[in-house]
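Enquirer:
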Amino acid sequence: MNMHDVTSAPESAGLLSDLIARQQPGWSLAQPFYLSPEIYVIERKGWLADQWYLIGHASELPTPKSVIVRELLGEPILIVRDEDGTLRGFYNVCRHRGSRLCSEDGRVSNLLCPYHAWTYRFDGALRSAPSMPDTMDRSAFHLQRINVAEIGGLVLASLSGSLDAVDKVRAQGEDLLAYHGLPNARIAYRKSYPTHANWKLVMENFFECYHCLPSHPEFSSVMNFVSVIGKVPSAAAAEKWEKEVAEWSEGRANRECPMPDFGSDFNKVADSNTYRLPIGNGHLTASRDGQPVAPLMGGQKAFDGGMSGFRMEPFVNVVAYNDHVRLIHFLPKGPEETDVSITWLVDADAAPDDIDIDRMIWLWDVTTVQDKKIIEENAAGVRSRAYASGPYSPLESLASGFVQTYLDGLRGNL
Amino acid sequence: MNMHDVTSAPESAGLLSDLIARQQPGWSLAQPFYLSPEIYVIERKGWLADQWYLIGHASELPTPKSVIVRELLGEPILIVRDEDGTLRGFYNVCRHRGSRLCSEDGRVSNLLCPYHAWTYRFDGALRSAPSMPDTMDRSAFHLQRINVAEIGGLVLASLSGSLDAVDKVRAQGEDLLAYHGLPNARIAYRKSYPTHANWKLVMENFFECYHCLPSHPEFSSVMNFVSVIGKVPSAAAAEKWEKEVAEWSEGRANRECPMPDFGSDFNKVADSNTYRLPIGNGHLTASRDGQPVAPLMGGQKAFDGGMSGFRMEPFVNVVAYNDHVRLIHFLPKGPEETDVSITWLVDADAAPDDIDIDRMIWLWDVTTVQDKKIIEENAAGVRSRAYASGPYSPLESLASGFVQTYLDGLRGNL
Amino acid sequence: MNMHDVTSAPESAGLLSDLIARQQPGWSLAQPFYLSPEIYVIERKGWLADQWYLIGHASELPTPKSVIVRELLGEPILIVRDEDGTLRGFYNVCRHRGSRLCSEDGRVSNLLCPYHAWTYRFDGALRSAPSMPDTMDRSAFHLQRINVAEIGGLVLASLSGSLDAVDKVRAQGEDLLAYHGLPNARIAYRKSYPTHANWKLVMENFFECYHCLPSHPEFSSVMNFVSVIGKVPSAAAAEKWEKEVAEWSEGRANRECPMPDFGSDFNKVADSNTYRLPIGNGHLTASRDGQPVAPLMGGQKAFDGGMSGFRMEPFVNVVAYNDHVRLIHFLPKGPEETDVSITWLVDADAAPDDIDIDRMIWLWDVTTVQDKKIIEENAAGVRSRAYASGPYSPLESLASGFVQTYLDGLRGNL
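Protein chains in written order, with our numbering: chain A, 1 to 414; chain L, 415 to 828; chain P, 829 to 1242.
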């Protein structure tokens, strides 16, 4: 924040336009996109503010008058469950002199500013402002809203994103999430992997599996699909994978799942907000040995070794296995800082003794620790004057597409 | 510090002029005033440099040739007591190659630079510069001065403030400070409360008691005046307070005090650099139970439960109770950092066993810890894009006035 | 790094030109040269990139396929010994998506990027890029080179420095280094002294001994030359020193040394990349008591109490005593951060029991700890608004000359 932030900065916009125009499709971004505080300011006001982020799970706001205190794009926010059960989101900023309003999660009788005791209703309206003149128009001091959405137990938020976009995703995924029992889940574990790198380096990493074989031996050994997307697959490998998917679809796969599998067509997977695949290798769930780590969730009657994906690109990503669900939270925090965290969900009624947390978190924990290191090494190289854009491989087509989508969005903000 | 600091920055001054012009009287400041490094640079060169700050107590420079090493607005300074007892202040910067000259408080034979052994007299004149050519005009290398003043045992300093301003305050307060024994006091305790917030958020907090009831239960319970300035007082509360002050003035109050009390007229208090009030509630001093924490100071013959204030707005604030004195030091340190510390004084001759430090510091320690937290929560909200100026309540009129004085001063610097 | 870094910044260059033009010869630099991030950016792209730095010793790359991972001017670099024994240097940045390539010193079979398994030969050529299209022109993805040189066992590097410059220094010093056994040395000890100050404050300190008497009592007591360069020498002191040098040259001094001593003419010393002097005081080596700390190195047959200097101004500085060698590494790291470290070498074949590390490192360790403190105090004063250029004494002529050379170089970069 400096004085210039209060004005438009046409010279920055001009420089950025040139940078975008010079960007070669299919090549990684030019250096300033990964480092520049000025570009981050522009992103944060526009494209990033329009995206939706996975904040948490509905069980964190269990009852009316529940409140959670979070940060989104560096902004203090709070999400409340109104008296009628609706989620609402606000900037966590009092309209009097700007103090942060709430400081911790919990259930409260109203939203009370600790500084001078202004209080707000759960719909954000100013309820009382002690000792202020009667002439003050209290309706002018409503808390400032952010957009929130609840989809099958997931809590999403966006500073200025469109509710239409979220409704479209909801229509596609709500049944699948319900089938997997997300609305009736609880949090088994949550862990942070703060990553000292620009958020685009984090997302590029997440959007390609070209690095899976060199960098993620555990992930590659559990997830059979790495054999066909981790390298240009041999004809034999491709055929073997297709056969495995076909046999699974016609055999073990749970029939009552509302999501048809896409078989081996990864292009279809890429175009949808939902997908369904077998883990493979005879694994029933995403544990090291493939054996269950918790009771079955939702409407599932048996372990079928499938995994269902739910996404809202680029930041919302959920994978549901038969017995647990993995949420990954990507939250850009600064030009070179990204908060990454993972939440593991289990059935709300699962007995603690039936959950093996160590074995549940193993795969994504070991993989995300590796990714944090890889991404930070990437960032360290990108800071060098020797960094130059390089060509994406065909195996990085999703990362390349993400970059293109980002550039289009950024161009739209100028 | 960057290259642009060496030039004038007309575009910054222009932007700042606009910001000042758009500022609505009676409303808190626009966001950049609380965050912008550029505005802080302008403040530090102008308005802040012209203010006076409470550095410490005369007992820290007990004899001729005493030196204390401090920081003021990020500048290294030293204050010395010259051979004739006069206080003098200098930038703590050698005129040879710029090394810091002194590194610790103490008594020294002269001001010796540890780097190349240039030495200065206590009046700042260069005394010797070994191996420099005889042709060098040594009088051109005087230490650079800052302004210092000693008022009734208080040590004040200013980078470029007017001595006239200090003389006016001295005339008003010196007798009162002498009556309270400040010239013959010693430091009982000092504590720091570094606050991660712009200095104006710190001062606004200090200049209003609208937050006392919600935020400071201890302070509100000890200080009776909170009942009339902490909320719009009921007629009954106002009458009760006026009666208490009147009875105290005509009864218990020490007659020999050179400062007449102002009764219940807080407007008068606001206009003066000194004031006098009863603590109330039968308290003899500012302890939890109202009982003494140290021997009587200065010329006082008995505990009368009064408190005397001495101020030089906005940064110098002293409160003297019968048995101890509280100095508060506000030192802006950066765009979002303010050093706050408190010094507690007692009579120089008080026996250690007669002083109960825990009970003495309790009130201001608990209150300042609370303020640090409140102010930092305020700063956290002010950093949000959702921050907008809000209206001061009538109970925040001093804070509002402070902001207006600041804006006038800043306008004068452009 | 910000967006503006991708463009030329004519306004900065213009301001800098003015600053250079206003600089008074024989006076220390204006404040922005010591503080400005913008000037550091300009230096790092030009003058600093053209200089040579002492990275380490050849024994750190003992065999073909050895690699060391370092940082130079904030750039990640790697130095390898090619299959044929040649040293080569590269930016440690993969040409695919910019990841840092190597993360630790060692012997490797090839240069493998851990991210996506691109591999490079020891000459920097891309060897393989799995799953990339056959149409990709692999020759376009060579690692980016830096310049490296090996002179008598010293490993030097430069981002863009001239190899001619290094060849000239090699011709002057290679025999002397060989005589002192540097090619057959090993590292006995290495220690870091990170210094929170601009690199020019570090170098000015190193280039003058005006501060030796006030600041370095140990150094002054061991090194006899301080008696004539630490202050304007008395005629008696000068005569005594000349006599000592003359007697040493004609007496004890090892005759087979390829470097003639310069006697007492320090101007000659200043003009050369090599020099030779007696330690004096009957010291055989640079220990507190003058007694040996390790076996004789290289071709030396006896302790003669001499010291040989090898330099490539301003950053490469080596002193060889009879039994050990002191390398000092100066690496600018940021506008106000400089990495300083010292490596002590002994004969590669010296038995551990014959080396007394504590006594070996004593002199330069105590001196460099003192210098770190002095320089940081200097930096603290230079940050003050009271800092103004001061006159160099005649005893600081090398520092003054260094500053002039720097300014000339910087002017050339604009």
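Where a beta carbon is used, it is the ideal one built from N, C-alpha and C, also for glycine.
Output the distance between the C-alpha atoms of Lys787(L) and Gly290(A), rounded to the nearest integer angstrom.
Expert: Counted from its first residue, the second sequence places residue 787(L) at position 373. Counted from its first residue, the first sequence places residue 290(A) at position 290. Roughly 49 angstroms separates the two Cα atoms.
Enquirer: Are Leu777(L) and Ile643(L) closer than 8 angstroms when you measure CB to CB?
Expert: Here the question's residue 777(L) lines up with position 363 in the second sequence. Here the question's residue 643(L) lines up with position 229 in the second sequence. No, Cβ-Cβ distance for Leu777(L) and Ile643(L) is not below 8 angstroms.
Enquirer: Any residues in the region 841 to 862 of chain P with a beta carbon nearer than 8 angstroms to a beta carbon of chain L? Which ones, in chain order?
Expert: Of all residues in the region 841 to 862 of chain P, Leu843, Leu844, Leu847, Ser856, Ala858, Gln859, Pro860 have a Cβ within less than 8 angstroms of some Cβ in chain L.
Enquirer: Below 8 angstroms, how does it come out for the region 750 to 769 of chain L and the region 53 to 66 of chain A: are there three or more Cβ pairs, yes or no?
Expert: No, because fewer than three Cβ pairs between the region 750 to 769 of chain L and the region 53 to 66 of chain A fall closer than 8 angstroms, the two stretches do not touch.
Enquirer: For Val369(A), which of Gly401(A), Asp339(A), Met297(A) has the nearest alpha-carbon?
Expert: Within the first sequence, residue 369(A) is the residue found at index 369, counting from 1. That would be Asp339(A), whose Cα lies nearest to the Cα of Val369(A).
Enquirer: State the Cα-Cα distance for the pair Tyr534(L) and Glu1204(P), rounded to the nearest angstrom.
Expert: Working through the second sequence from its first residue, we reach residue 534(L) at position 120. Working through the third sequence from its first residue, we reach residue 1204(P) at position 376. Rounded to the nearest angstrom, the two C-alpha atoms are 21 angstroms apart.
Enquirer: Quick check: the region 933 to 947 of chain P against the region 955 to 965 of chain P, are there 3 or more CB pairs under 8 angstroms?
Expert: The answer is yes - the region 955 to 965 of chain P touches the region 933 to 947 of chain P, with three or more Cβ pairs under 8 angstroms.
Enquirer: Specify the secondary structure class of Phe1047(P) as computed by DSSP and reduced to three states.
Expert: Counted from its first residue, the third sequence places residue 1047(P) at position 219. Reduced to three states, the DSSP call for Phe1047(P) is helix.
Enquirer: Taking Leu492(L) and Ser803(L) to be in contact with their CB atoms under 8 angstroms, please state how far apart those CB atoms are, rounded to whole angstroms.
Expert: Translated into the one-based positions of the second sequence, residue 492(L) becomes position 78. Translated into the one-based positions of the second sequence, residue 803(L) becomes position 389. Between Ser803(L) and Leu492(L) the Cβ distance is about 40 angstroms, and since that is not below 8 angstroms, they are no contact.
Enquirer: Can you check which of these residues, Lys1129(P), Ser1221(P), Ser1048(P), Leu1010(P), is closest to Ala1148(P) by C-alpha distance?
Expert: Along the third sequence, read from residue 1 onward, the residue named residue 1148(P) stands at position 320. Taking only the C-alpha atoms, the option nearest Ala1148(P) is Leu1010(P).
Enquirer: Suppose contacts are defined by Cβ-Cβ distances below 8 angstroms. Is Gln798(P) in contact with Phe1143(P) by that definition?
Expert: The structure shown does not extend to residue 798(P), since chain P spans only 829 to 1242, so no value can be given for it.
Enquirer: Counting only beta-carbon atoms, is Val897(P) nearer than 8 angstroms to chain L?
Expert: Translated into the one-based positions of the third sequence, residue 897(P) becomes position 69. Not an interface residue.
Enquirer: With 16 other CB atoms within 10 Å as the buried threshold, where does Gly85(A) fall?
Expert: Taking the first residue of the first sequence as position 1, residue 85(A) is located at position 85. Gly85(A) is exposed by the Cβ-count criterion.
Enquirer: Going by DSSP, what residues sit across from Asp1167(P) in a beta bridge?
Expert: Indexing the third sequence from 1 puts residue 1167(P) at position 339. Answer by DSSP bridge pairing, in chain order: Leu1159(P).
Enquirer: Any C-beta of chain P sitting closer than 8 angstroms to the C-beta of Val420(L)?
Expert: Working through the second sequence from its first residue, we reach residue 420(L) at position 6. Note that Val420(L) scores 47 on pLDDT, short of 50, meaning its location in the model is unreliable and no value can be drawn from it.
Enquirer: Taking the beta carbon of His1024(P) as the centre, do at least 16 other beta carbons fall within 10 Å, making it buried, or is it exposed?
Expert: For the purposes of this step, residue 1024(P) is identified with residue 196 of the third sequence, where counting begins at 1. Classification for His1024(P): exposed.
Enquirer: Does the distance from the C-beta atom of Leu462(L) to that of Pro749(L) stay below 8 angstroms?
Expert: Residue mapping note: residue 462(L) aligns to position 48 of the second sequence, counting from 1. Residue mapping note: residue 749(L) aligns to position 335 of the second sequence, counting from 1. Cβ distance not < 8 angstroms, so Leu462(L) and Pro749(L) don't count as in contact.
Enquirer: Using a Cβ-Cβ cut-off of 8 angstroms, state whether Gln818(L) counts as contacting chain P.
Expert: Start at 1 with the first residue of the second sequence, and residue 818(L) comes out as number 404. No, no contact with chain P.
Enquirer: Under a Cβ-count criterion, where at least 16 other Cβ atoms within 10 Å of its own Cβ denotes burial, should Ser523(L) be classed as buried or exposed?
Expert: As a working note, residue 523(L) is residue 109 in the second sequence. Looking at its Cβ environment, which holds fewer than 16 other Cβ atoms inside 10 Å, Ser523(L) is exposed.
Enquirer: List, in order along the chain, the chain A residues whose C-beta lies closer than 9 angstroms to that of Ile788(L)?
Expert: The residue given as residue 788(L) occupies position 374 in the second sequence. Residues of chain A passing the Cβ test: Ser99, Pro114, Tyr115.
Enquirer: What does a CB cutoff of less than 8 angstroms around Thr1233(P) pick up in its chain, not counting 5 residues either side in sequence?
Expert: As a first step, residue 1233(P) is located in the third sequence; it is residue number 405 there, counting from the start. Hits under 8 angstroms: Glu1141, Pro1142.
Enquirer: Given this structure, state the Cα-to-Cα distance separating Arg850(P) from Ser36(A), to the nearest angstrom.
Expert: Position 22 of the third sequence, counting from 1, holds the residue named residue 850(P). Position 36 of the first sequence, counting from 1, holds the residue named residue 36(A). Their backbone Cα atoms lie some 33 angstroms apart in a straight line.
Enquirer: Using a cut-off of 7 angstroms between C-beta atoms, extract the partners of Cys922(P) located in chain A.
Expert: Taking the third sequence and counting its residues from 1, the one referred to as residue 922(P) is at position 94. Those within 7 angstroms of Cys922(P) in chain A are Gly381.
Enquirer: Give me whichever residues DSSP pairs with Ala977(P) in a beta bridge.
Expert: To locate residue 977(P), count along the third sequence from 1; it is residue 149. Looking at the DSSP assignment, Ala977(P) forms a beta bridge with Leu984(P).
Enquirer: Look up Ser641(L) in the DSSP assignment and say whether it is helix, strand or coil.
Expert: As a first step, residue 641(L) is located in the second sequence; it is residue number 227 there, counting from the start. Three-state DSSP puts Ser641(L) in a helix.
Enquirer: Along the beta strand (DSSP E) that carries Tyr467(L), what are the first and last residues, could you check?
Expert: Along the second sequence, one-based indexing puts residue 467(L) at 53. Its beta strand (DSSP E) spans residues 467 to 471.
Enquirer: What number of angstroms, rounded off, separates the C-alpha of His211(A) from the C-alpha of Ile361(A)?
Expert: Walking along the first sequence from the start, residue 211(A) turns up at place 211. Walking along the first sequence from the start, residue 361(A) turns up at place 361. Looking at the two C-alpha atoms, the distance is approximately 21 angstroms.
Enquirer: Using the Cα positions of Ile560(L) and Arg909(P), report the straight-line distance between them to the nearest angstrom.
Expert: Here residue 560(L) refers to the residue found at position 146 of the second sequence. Here residue 909(P) refers to the residue found at position 81 of the third sequence. Going by the C-alpha atoms only, they are around 59 angstroms apart.
Enquirer: If you follow the alpha helix (DSSP H) that Arg1239(P) is in, where does it begin and where does it stop?
Expert: Counted from its first residue, the third sequence places residue 1239(P) at position 411. Start and end: 1225 to 1241.
Enquirer: Would you kindly work out how many angstroms separate the C-alpha atoms of Arg552(L) and Gly538(L), rounded to a whole number?
Expert: Counting from one through the second sequence, the residue named residue 552(L) turns up at place 138. Counting from one through the second sequence, the residue named residue 538(L) turns up at place 124. Cα to Cα, Arg552(L) sits roughly 12 angstroms from Gly538(L).
Enquirer: Hey, Asn668(L) and Asp718(L) are a contact pair by Cβ (cut 8 angstroms); roughly how many whole angstroms apart?
Expert: Taking the second sequence and counting its residues from 1, the one referred to as residue 668(L) is at position 254. Taking the second sequence and counting its residues from 1, the one referred to as residue 718(L) is at position 304. Yes, Asn668(L) and Asp718(L) are in contact; Cβ-Cβ is about 4 angstroms, under 8 angstroms.
Enquirer: For a quick check, are the C-beta atoms of Ala800(L) and Arg100(A) less than 8 angstroms apart?
Expert: On the second sequence, residue 800(L) is found 386 positions in, with the first residue counted as 1. On the first sequence, residue 100(A) is found 100 positions in, with the first residue counted as 1. No; because the gap between Cβ atoms is not below 8 angstroms, this pair is not in contact.
Enquirer: Provide the residue span of the alpha helix (DSSP H) that contains Arg832(L), from first to last.
Expert: No answer is possible for residue 832(L): it lies beyond the span of chain L, which begins at 415 and ends at 828.
Enquirer: If we define contact as Cβ-Cβ less than 8 angstroms, is Gly390(A) a contact residue for chain P?
Expert: As a working mapping, residue 390(A) is identified with position 390 in the first sequence. So yes, Gly390(A) belongs to the interface.
Enquirer: Can you tell me which of Trp1172(P), Gly1108(P), Glu1078(P) puts its alpha carbon nearest to the alpha carbon of Val1050(P)?
Expert: Here residue 1050(P) refers to the residue found at position 222 of the third sequence. Here the closest residue by C-alpha is Gly1108(P).
Enquirer: Residues in its own chain within less than 7 angstroms of Gly153(A) by CB, not counting five upstream and five downstream?
Expert: Numbered from its first residue, the first sequence carries residue 153(A) at position 153. If we look at Gly153(A) and ignore the five residues flanking it on each side, its Cβ neighbours are His57, Ala58, Leu177, Leu182, Pro183, Ala185.
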